[in-house]
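> Take this structure first; my questions come after.
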Amino acid sequence: MRLARWASTAIYLVYVSCLTWAFDAHSFGTSQTEIIGITDRVAPVLPAMLVAAALTAQFSAALAGTAGCGGLLEELPKGKLRSQVG
């Protein structure tokens, strides 16, 4: 697993260095969503994939927050509330 993390880190670093070398820095805007415009030049499908990935990440965080809330409701009142499943 450690080797996989180092390999993915190396791949991402090579990708980002190639990406920054391939584009002129002065030809882009400075907004937070400019990466969508940049990726549109690489492949037209990438902006849609970036938006889908961002939405999926937000949904995943919402699910994790909801799941964590159930545990807090059981722990904070020192066992007076029980979560029941089913």
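Residues in the sequence shown are numbered consecutively from 2, following my numbering. Here a beta-carbon is modelled for each residue, glycine too, at the ideal position from N, C-alpha and C. Quick caveat, the model's predicted, so the values are computed rather than measured.
Would you identify the three-state DSSP class for S9, choosing helix, strand or coil?
Helix at S9.
> Identify the continuous alpha helix (DSSP H) that holds A25 and give its terminal residues.
Sequence check: residue 25 is Asp here, not Ala. Looking at the DSSP string, D25 is not in any alpha helix (DSSP H), and its letter there is neither H nor E.
> Please report how far the alpha carbon of L47 lies from the alpha carbon of T40, in whole angstroms.
6 Å
> Assuming I37 and L51 form a contact by the criterion Cβ under 8 Å, report the distance between their Cβ atoms to the nearest whole angstrom.
Sure, about 6 Å apart at Cβ, within 8 Å.
> P78 by DSSP, collapsed to three states: which one?
coil
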